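**Student:**
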Amino acid sequence: MSEIPSNKTETPKPRKARLPGGGARRRSAARLAAVQALYMIHVGEQNPDDVIRDFLEGRMGGEAVEVDPDTEEERVTSLIDFDHELFVSLVRGVLARCEDLDGVLSQSLSSGWQWDRMENTVREILRCGCFEIQERTDVPPRVAINEYVDVAHAFYAGPETRLVNAVLDRLARVVRPDEMERGRDGGGHGRPG
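Okay, so the sequence shown: first residue is 5 according to my numbering, each after it adds one.
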């Protein structure tokens, strides 16, 4: 999938995202929408309040490109309604702490990856994941990691998904080590996300 749309003001459309059921599905969709909104704000240089309002009112985002496995024909499909509270929390939180998040994330990269050379969508996924791991202690870190790996899968089929997993896992082990260690023992594996 092409990283930058021909018109930078377009919301990047992910491939069909794998979303869990129920309330978790609405939260997963909120994370995906937050990545799209932040892309529009940072790459499209659009006003954050306008972008947030457009997403909340359904004028922007909420779509994915689905590929028919038989014909390989692409079609745009609508995503489910997302958790507005989580969406706003993520977008506003990332915007407020963007510089700090970027510093933490650039230190969490393994050799061979440079923050300033990374694709914009990957950066937005990592910013959201980093923010959620650091600030949303109501979400277990392993759940947050899995959620953002799923978001990465919505956009990529290559090494980007492994990068998101590795960086967020490394970060969570530093920021919330007790919870990450409990996950190994069988506790904390739930996915209320």
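For each residue, glycine too, the CB sits at the ideal point set by N, CA and C. Computed from a predicted model, the values in this text were never measured in an experiment.
Of all the CB atoms in chain B, is at least one closer than 8 angstroms to the CB of Glu164?
**Tutor:** Judged by its chain identifiers, the structure shown contains no chain B, having just a single protein chain.
**Student:** Compare the C-alpha of Ser112 against each of Asn150, Val171, Leu167, His157 and name the closest.
**Tutor:** The sequence position of residue 112 within the sequence shown is 108, counting from 1. When only C-alpha atoms are compared, the closest one is Val171.
**Student:** Using the rule of at least 16 other Cβ atoms within 10 Å of the residue's Cβ for burial, across every protein chain shown, is Gln138 buried or exposed?
**Tutor:** Residue mapping note: residue 138 aligns to position 134 of the sequence shown, counting from 1. Counting Cβ neighbours within 10 Å, Gln138 comes out buried, since at least 16 surround it.
**Student:** Assign Arg127 to one of two classes, buried (16 or more other C-beta atoms within 10 Å of its C-beta) or exposed (fewer than that).
**Tutor:** Translated into positions along the sequence shown, residue 127 becomes position 123. Buried: at least 16 other Cβ atoms inside 10 Å.
**Student:** If you follow the alpha helix (DSSP H) that Val171 is in, where does it begin and where does it stop?
**Tutor:** Your numbering for residue 171 matches position 167 in the sequence shown. Per DSSP, Val171 belongs to the alpha helix (DSSP H) from 163-179.
**Student:** If we count the other Cβ atoms within 10 Å of its Cβ and call it buried at 16 or more, is Ala161 buried or exposed?
**Tutor:** Along the sequence shown, read from residue 1 onward, the residue named residue 161 stands at position 157. Exposed, because fewer than 16 other Cβ atoms sit within 10 Å of the Cβ of Ala161.
**Student:** Alpha carbon to alpha carbon, how far is Ala156 from Arg177?
**Tutor:** Translated into the one-based positions of the sequence shown, residue 156 becomes position 152. Translated into the one-based positions of the sequence shown, residue 177 becomes position 173. If I take the Cα positions, the gap works out to 20 angstroms.
**Student:** Pull up the CB-CB distance for Trp119 and Leu109, whole angstroms please, since I reckon it's below 8 angstroms.
**Tutor:** Counted from its first residue, the sequence shown places residue 119 at position 115. Counted from its first residue, the sequence shown places residue 109 at position 105. Correct: roughly 6 angstroms between the Cβ atoms.
**Student:** What's the C-alpha gap between Val168 and Met64?
**Tutor:** Taking the first residue of the sequence shown as 1, we reach residue 168 at position 164. Taking the first residue of the sequence shown as 1, we reach residue 64 at position 60. If you take the alpha carbons of Val168 and Met64, they lie about 25 angstroms apart.
**Student:** Kindly list the residues whose CB is nearer than 7 angstroms to the CB of His88, restricted to its own chain and excluding five residues on each side of it in sequence; keep chain order.
**Tutor:** Numbered from 1 along the sequence shown, position 84 holds the residue referred to as residue 88. Correct list, in chain order: Leu60.
**Student:** Quick one, are the C-beta atoms of Phe47 and Asn124 less than 8 angstroms apart?
**Tutor:** Position 43 of the sequence shown holds residue 47. Position 120 of the sequence shown holds residue 124. Here residue 47 turns out to be Val, not Phe, going by the sequence shown. Their beta carbons are under 8 angstroms apart, which means Val47 touches Asn124 by this criterion.
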